[in-house]
Each structure stands twice: as structure tokens, then as C-alpha cells.
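So the structure is just underneath, and the comments pick up after that.
Number of protein chains: 2
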Amino acid sequence: MSPKRAEQSPSGPGAVWLRERRQGTRTPALSIERITAAAVRILDEDGQSGLSMRKLADALGVHATSLYWHVANRDDLLDLALDAVFGEVEAPRKDPGLWQADIAAYMTGLREALLRHPWAGALASARPLMGPHALDHAESVQAALVRAGFSGTALTAAAAAISNYVIGSVAAEASWGRHDQSTARRALTDHVQSAALRYPTLAAHPPTPYSDWQTHFEHGMRFLIAGLTASAGTSG
Amino acid sequence: MSPKRAEQSPSGPGAVWLRERRQGTRTPALSIERITAAAVRILDEDGQSGLSMRKLADALGVHATSLYWHVANRDDLLDLALDAVFGEVEAPRKDPGLWQADIAAYMTGLREALLRHPWAGALASARPLMGPHALDHAESVQAALVRAGFSGTALTAAAAAISNYVIGSVAAEASWGRHDQSTARRALTDHVQSAALRYPTLAAHPPTPYSDWQTHFEHGMRFLIAGLTASAGTSG
DNA sequence: TCCATTCTCCTACACTGTTTGATTAGTCCT
DNA sequence: AGGACTAATCAAACAGTGTAGGAGAATGGA
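Protein chains in written order, with full-length UniProt numbering: chain A, 1 to 236; chain B, 1 to 236.
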């Protein structure tokens with residue numbers, strides 16, 4: 001890795017999508033779309049650390065350095081791939097219903113899309129979300145919240161809470177799922193049981209099977225939406 | 001003579017803390033504590049990608065491969081450093097008060113500790129939390145929730161929601177904070193404004209300054225706790 | 001003393017992201 | 001038609017990465 005590279009900093013004046021797209025007359029072998037699609041495929045198969053410029057270039061029948069014409073660096077690649085996942089979420093209908101239902105539908109839809117790509121949760125936690133699809137999400141969520149009566153700081157806070165909860169949950173679920181369940185987790189629960197003095201509550205109330213992530217997610221989602229409902233309209 | 005200690009190499013099944021600690025008679029130059037402390041220091045200074053085995057070894061006055069006696073790989077290092085950050089959170093008092101207040105205090109305390117180390121949020125999202133300090137947290141949170149009347153699935157879900165919300169928020173805040181505010185973010189808001197047709201709500205309700213993360217966090221926290229309060233005791 | 005064990009060091013490998021400059025291939029202007 | 005221009009790809013090289021395998025030194029017990 002090159003020395004002194006600022007951590008995760010886009011090299012241009014902004015994110016990938018805000019930079020002018022390089023295109024000319026010649027029909028190119030590469031395009032941002034093809035690159036993004038291939039990156040997603042590799043990420044799905046080999047995970048975040050399995051995506052290298054050379055491997056990606058190979059998959060595209062091209063040499064590694066050619067990618068740098070379309071993309072500033074590896075981080076750009078990750079941004080593009082992540083926003084592509086956001087693009088998988090079905091757009092909320094323009095004909096909106098009860099705002100609580102819309103929010104809930106959005107949250108479960110986003111969760112499912114992110115879970116389809118196990119690398120996406122950690123990435124969404126680690127990088128700011130400013131791709132076009134992510135902005136579409138923000139737009140529709142805020143629209144629903146405005147309908148609910150939110151405004152000002154409470155509006156921003158509510159939108160952030162929704163997004164953060166979903167992404168945090170998915171990241172946690174994916175990170176646990178990446179680990180071997182039969183060994184690591186068993187070792188952990190055994191440890192908790194044998195240290196019941198230190199963890200009395202954990203030992204007395206063993207967590208319901210972690211495999212039931214969806215139930216937990218929906219539970220927490222209901223907690224959050226209930227809280228939002230209680231303070232809708234009373235904001236400033 | 002080939003050493004037959006291959007079976008007790010630190011790359012056993014499970015997380016670092018569950019593996020037997022290698023220690024002998026000789027007073028070692030290295031220890032997990034020293035390694036962890038140095039790792040945290042480097043992470044604080046140079047971020048996650050700035051922590052390399054060689055740099056860490058240098059900081060400890062030792063050669064890179066020596067680290068592998070105490071630690072299986074780089075991921076172990078990150079796990080240790082992350083749990084050290086969790087250890088910075090002041091333990092909730094044993095003499096508990098209103099459970100809502102205890103939960104709120106825990107959440108803000110955890111947030112502050114994680115924010116002190118900008119790399120921690122992304123890491124906590126990406127890796128399962130099973131270090132001793134993380135377990136201490138889980139224990140005290142669940143204890144408060146049990147007092148509140150939660151049990152079974154709702155208990156697990158509530159604990160997960162709390163943790164996921166805090167970690168998700170901190171990760172988002174840290175990821176935005178890592179980026180240059182005066183260029184990238186301005187480019188983004190300009191983009192939203194110029195595309196007001198596509199983002200009518202975002203353009204009409206521009207987010208309150210992102211710099212006010214704490215207010216947003218506390219807002220969302222109140223949403224969540226309100227929701228928890230509403231369904232406390234009504235669980236199965 | 002000898003041995004066994006714990007720990008540190010040395011060498012080496014395959015691989016990484018990225019920079020610099022050369023080389024192609026197509027379009028536009030004359 | 002022939003240059004000029006430029007977009008796009010390629011080639012070579014650099015500095016650095018995580019980590020495996022084994023050699024060597026330091027210590028304690030027998």
C-alpha cells in the first residue's frame with residue numbers, strides 16, 4: 001500500500017458519483033457499470049478482503065491498472081458496490097400509506113438487500129452513504145417522516161435513527177454469521193455458563209437462539225417505531 | 001527436533017479470549033496487555049489501515065513475527081483493541097436506579113468511549129463482540145432490562161436493539177467525521193440542492209448541521225427507550 | 001550438567017494498492 | 001486522405017503487506 005495514504009479518503013474533491021465521468025468517443029471495454037457489477041460479484045463470493053484490483057481486472061479481461069482510469073482507488077469500488085446494493089431495494093411506492101407501515105417496509109426491505117450481500121453491512125457502517133441510491137432512500141424516508149409530522153432536528157434524528165438501527169443490526173447479524181457457529185459460539189456460551197458468577201443475568205436468561213435474527217430485528221424495529229409514533233408532531 | 005507444541009498454537013477454535021494463554025516461566029518482553037495497548041495507540045493515530053504488524057512490532061521494540069506467538073493474526077489484534085475500548089466505559093453501578101436512566105447512561109457512555117477512538121465504530125460493526133468487557137456490557141444491559149420486565153425473545157431483541165443502535169450511530173458519525181467536511185459534504189449538499197426535483201424533501205428540509213451528532217443521537221435514543229418502555233412487561 | 005519449554009528472531013513468499021509513462025485505437029478537422 | 005487530438009488500455013516498477021517455517025537464545029527444572 002502506498003505510504004501516507006489518508007484513511008478512506010476519496011482522492012477527488014468528492015465521492016465517485018459527484019465527479020465528472022470520464023467518457024470519450026471510443027467505445028470502451030470497461031465501464032463503471034461493468035466494473036461495479038463485477039465487483040459486487042467478487043465481493044459476494046470472496047468477501048471484502050477477497051476483492052483485489054488484480055482479481056477484479058482479471059474477471060473483466062483487463063489489466064489491473066486500467067481500472068484506475070474509471071475509478072480513483074479501491075475505496076471508490078467499495079462505494080460503488082455498496083450503492084448498487086442499495087439500488088436493489090424496491091423503491092417505496094409514490095402512493096404512500098400509513099407512514100409507520102412505509103417505514104417498516106423500508107426497513108425490512110433494506111435489511112434483506114443488505115443481507116443478500118454479507119459484506120454490505122460492515123461497509124455501510126464504515127463509509128458515509130452518499131450514493132444516488134442511498135440518497136433516494138434518504139429522500140423517501142424523510143418524506144414519510146415529514147408526513148408523520150417531524151421537522152427540524154427531530155426529523156434528521158429520526159431518519160438517522162432508522163438508518164443506523166437497520167445498518168447496525170445487519171452488520172451485527174452478518175458479522176456473527178461469518179463465524180463458525182458450531183465452534184466459536186458454543187465456546188462462547190460455554191464460557192458464559194461456566195462464568196455464571198460474573199454473568200449471572202446472561203447465564204440465567206440465555207439468549208434465544210441467535211439464528212432467529214429476523215424476529216429480533218422486527219422486535220427492535222417495533223420498539224423504535226413505537227417511540228417515533230409517541231413523539232411524532234411534538235418536535236421542534 | 002520439531003517442536004510438538006503445534007497443537008497449542010494460538011490459532012485454536014474461537015476468539016482470542018477463549019484460547020489458553022501462552023505463558024511460561026521466562027519473563028517475556030511481550031505480553032497481550034502491552035501488545036493491546038500499543039495497538040490501540042497506533043489505531044488512534046493512524047487508523048485501522050495504519051496498523052500493520054511491522055509498525056506495531058517496531059513500536060514495541062520487537063520484530064514483527066514475534067507477535068504471532070501471542071496472537072494468531074491481525075484480526076486478533078483488532079478484537080483485543082476493540083474490547084479494550086469497551087473496557088473504558090465506566091461500569092454501571094451495582095446500585096441501580098430507574099432502568100431507563102441506567103440504559104440511557106450506558107448508551108451515552110458507550111458512545112463516548114467509541115468516539116474517543118474513531119476506528120472503533122466500524123470495527124464494532126464488523127466483528128462479533130465477545131470480549132470480556134463486551135460481555136460485561138451485555139450482562140449489565142440485560143440486568144436492567146430484566147428489571148424492566150423483559151424476558152425471552154423480547155429481552156434478547158431489546159438488548160440487541162440497544163447495542164445495534166449505539167454502534168450503528170457511532171459508526172456513521174465516525175465515518176462522516178473522517179471525511180473532509182468543507183469539500184466533500186458541501187459538494188453533496190450542493191448536489192442535492194441542484195437535483196431538487198429528484199430529492200424534493202431533502203432539498204426542502206435540509207438536515208440540521210451534521211455536526212450536531214450528539215443531539216441526534218440523544219433524540220434517537222429517546223425514541224428507542226420510549227418504545228421499550230411502552231412494551232416493557234408485555235413480552236413473552 | 002542436560003533437557004525441555006517458552007519466546008524472539010531471521011528469511012522468504014505471495015500478494016497488495018497505486019504511480020508513471022508508454023502505447024494503442026478511435027473520432028474530428030482540414 | 002492525412003494529421004492532430006484524446007480517450008482508454010497496458011506494462012513495469014515500487015513500497016509495503018500478512019504470515020509460514022524454522023533457527024536461535026534464554027530460562028527453569030531434573
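Where a beta carbon is used, it is the ideal one built from N, C-alpha and C, also for glycine. Quick caveat, the model's predicted, so the values are computed rather than measured.
In its own chain, which residues sit with a C-beta less than 7 angstroms from the C-beta of residue i, not counting the 5 before and 5 after it?
i	result
Ala84 of chain A	Thr36 and Val40
Ala203 of chain B	Val192, Gln193 and Ala196
Arg178 of chain B	Pro118
Ala187 of chain B	none
Residue j and residue i - do their beta-carbons sit closer together than 7 angstroms?
i	j	result
Arg111 of chain B	Val166 of chain B	yes
Leu60 of chain B	Ala81 of chain B	no
Val141 of chain A	Gly109 of chain A	no
Gly227 of chain B	Ala158 of chain A	no
Ser169 of chain B	Asn164 of chain A	yes
Phe86 of chain A	Ala160 of chain A	no
Ala230 of chain A	Gly149 of chain A	no
Arg201 of chain A	Thr153 of chain B	Strictly speaking, residue 201 of chain A in this sequence is Thr, with Arg absent from that position. Going by C-beta atoms, Thr201 of chain A is not nearer than 7 angstroms to Thr153 of chain B.
His63 of chain A	Thr156 of chain B	no
Met53 of chain A	Leu67 of chain A	yes
Leu224 of chain B	Leu224 of chain A	yes
Here's a check: name, in chain order, each residue in its chain whose Cβ is nearer than 6 angstroms to the Cβ of residue i, leaving out the five neighbours to either side.
i	result
Ile32 of chain A	His70
Gly47 of chain B	Trp119
Ala122 of chain A	Ala171
Ala144 of chain B	Trp99, Asp102 and Ile103
Asp58 of chain A	none
Could you give the distance in angstroms between the alpha-carbon of residue i and the alpha-carbon of residue j?
i	j	result
Trp99 of chain B	Trp213 of chain A	25 angstroms
Met130 of chain B	Ile103 of chain B	20 angstroms
Glu139 of chain B	Ala124 of chain B	17 angstroms
Trp176 of chain A	Ala184 of chain A	10 angstroms
Thr25 of chain A	Val16 of chain A	The predicted position of Thr25 of chain A is uncertain, since its pLDDT is 47 and thus under 50; a value taken from the coordinates is nonetheless stated next. Looking at the two C-alpha atoms, the distance is approximately 21 angstroms.
Ile42 of chain A	Met107 of chain A	26 angstroms
Arg34 of chain B	Leu18 of chain B	19 angstroms
Leu56 of chain A	Asp44 of chain A	13 angstroms
Arg198 of chain B	His219 of chain A	33 angstroms
Glu173 of chain B	His137 of chain A	18 angstroms
Pro132 of chain A	Ala113 of chain A	16 angstroms
Thr65 of chain A	Ile162 of chain B	44 angstroms
Leu51 of chain B	Ala105 of chain B	32 angstroms
Ser49 of chain B	Ser49 of chain A	13 angstroms
Please return the same chain residues whose Cβ sits closer than 8 angstroms to the Cβ of residue i, not counting the five positions on each side in sequence.
i	result
Arg127 of chain A	Gln8, Asp75, Leu78, Asp79 and Leu82
Arg147 of chain B	Pro96 and Trp99
Pro189 of chain A	Going by the sequence as given, residue 189 of chain A is Thr instead of Pro. Closer than 8 angstroms at the Cβ level, and outside the excluded window around Thr189 of chain A, lie Pro206.
Gly14 of chain B	none
Hey, is residue i close to the ligand ADP, as in C-beta under 6 angstroms from one of its heavy atoms?
i	result
Thr108 of chain B	Of the ligands one can find in the structure shown there are none, so the ligand ADP has no counterpart to examine.
| Using a Cβ cut-off of 7 angstroms, which residues of the stretch 200-219 of chain A contact any Cβ in chain B, in chain order? | Thr201, Leu202, His205, Pro207, Thr208, Thr215, His216 and His219
| Short-range partners of chain A found in the stretch 142-158 of chain B, where Cβ spacing is below 8 angstroms | Gln142, Ala143, Val146, Ser151, Gly152, Thr153, Ala154, Leu155, Thr156, Ala157 and Ala158
| task | Please list the residues of the stretch 162-175 of chain A that have a C-beta atom closer than 7 angstroms to any C-beta atom in chain B, keeping them in chain order. | result | Asn164, Tyr165, Ile167, Gly168, Ser169, Ala171, Ala172 and Ser175
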